[in-house]
Ligand code: ZN
Ligand code: ZN
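Spelled out as structure tokens, the structure:
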């Protein structure tokens with residue numbers, strides 16, 4: 513049992529309403545927020561932390577990461593021993609927590625072992641919500657084999673693999689059941705071409721309608737949902753019509769499709785920084801003109817897509833999708849979002865909307881009695897200056913995950 517902690521004299525940020533409130537104390541006990549209010553009588557053994565007017569806000573939620581992609585060499589990650597991949601993923605997760613992300617949603621790679629590693633205190637990382645592997649067609653976005661490599665399947669039982677090849681309705685159902693049996697919190701499907709994959713143009717449509725419908729049914733039978741990797745309007749629209757709930761990237765979405773997605777209760781996860789980071793580092797990474805062309809197609813649509821989705825009332829969760837060494841750009845996503853969205857909208861996406869997408873509303877992304885004590889102290893008011901959430905935790909003198917202080921001091 514950990515020592516109760518009472519935060520006093522801070523500004524408590526209400527992410528749902530986008531306001532701060534003075535004069536509230538927050539009591540943390542047994543990993544949860546026990547009480548929020550004025551004049552709380554703390555237990556005698558409690559430690560009191562005087563925030564001196566700083567902001568206390570819910571821990572951040574990143575709804576699109578790949579913790580097993582510790583290097584940009586995706587094939588190298590996949591073929592690494594699982595034990596090594598696990599240790600590398602642990603380091604990636606620890607870095608994320610130190611930036612203030614107390615929950616992450618992994619879109620392909622992470623397994624139940626990493627969930628347990630955090631729960632058992634072996635990894636000093638964020639709570640992790642997983643899908644197992646991302647389902648991909650042969651030749652689809654998560655099929656990393658070269659054209660001349662005709663070995664069947666990939667090394668998908670390795671931790672460092674992000675994808676799992678499944679073709680045909682029966683195999684797709686079996687793959688979903690395997691992921692769910694192994695602890696998936698949702699099903700991920702590669703439904704469109706990609707930037708980092710070798711053989712598929714961005715505009716390619718992946719999986720048949722029947723296969724995606726089968727995934728949606730399998731997920732819904734288990735009380736879960738399907739998340740799709742999608743860029744083009746055609747691919748997004750098809751997924752929305754088929755019952756996919758979570759729409760990753762969405763760079764080339766039209767206003768009409770965004771409106772339909774909003775009506776259907778979908779949540780989008782823009783990941784703008786992934787393309788800006790590739791753009792900045794691409795030359796050094798040895799990317800050729802064909803890859804730059806792919807990046808530019810999605811990068812140029814990014815900011816416009818934010819406007820379209822906001823105006824359509826389509827909720828957006830914060831995501832980053834940075835692979836390998838590019839993860840140093842994690843916090844730049846705030847800067848890119850701020851070109852279109854208000855600070856309150858960005859904070860809401862990285863807390864309340866993220867919580868909904870993790871199916872953990874009321875448990876995370878909020879400062880309320882009963883929620884996990886995932887909290888960050890910010891030196892200033894992030895509603896007035898979103899840059900305070902950048903700098904890899906530089907403006908966060910204290911970070912708490914599930915009631916445990918994981919960072920204290922500058
Ligand atoms: Zn993707
Ligand atoms: Zn991704």
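In my numbering, the protein residues as written are 513 to 922. Just so it is clear, CB atoms sit at the ideal spot from N, CA and C, and this is done for glycine as well.
Residue 620 has its Cβ nearer than 7 Å to a heavy atom of ligand 2. For residue 628, the uninterrupted alpha helix (DSSP H) run begins and ends at 624-631, by DSSP.
If you compare the alpha carbons of 642, 679, 712, 699 with that of residue 659, the shortest gap goes to 712. For residue 787, the enclosing alpha helix (DSSP H) begins and ends at 784-797.
Annotation for residue 811: the continuous alpha helix (DSSP H) segment containing it runs 801-824.
Taking the Cα positions, residue 732 is about 43 Å away from residue 520. For the pair of segments examined, the region 879-897 was found not to touch the region 593-600: the number of CB pairs separated by less than 8 Å stays below three. Residue 886 sits buried, since 16 or more C-beta atoms from the chains shown fall within 10 Å of its C-beta. Distance check between residue 790 and each of 841, 758, 825, 831 places 841 closest, using alpha-carbon atoms only. Excluding five sequence positions before and after residue 747, the CB atoms of its chain that fall closer than 6 Å to its own CB belong to 703, 704, 717, given in chain order.
In the assembly as shown, residue 853 is a buried residue. Its beta-carbon has 16 or more other beta-carbons within 10 Å.
Pairwise C-beta distances place the region 723-738 out of contact with the region 759-777, as fewer than three of them are shorter than 8 Å. Per DSSP, residue 700 is not a residue of any alpha helix (DSSP H); the beta strand (DSSP E) it occupies stretches across 699-702. Separation of residue 670 and residue 591 (C-alpha to C-alpha, rounded to the nearest whole angstrom) is 7 Å.
The criterion of a C-beta distance shorter than 8 Å is not satisfied by residue 696 and residue 751.
According to the DSSP secondary-structure assignment, residue 757 is paired through a beta bridge with no residue.
The beta-carbon separation of residue 691 and residue 765, rounded to 26 Å, does not stay under the 8 Å limit for a contact.
Within the region 699-744, the runs of beta strand (DSSP E) at least 3 residues long that lie entirely inside it are, in chain order, 699-702, 738-744. Listed as beta-bridge partners of residue 547 by DSSP are 539.
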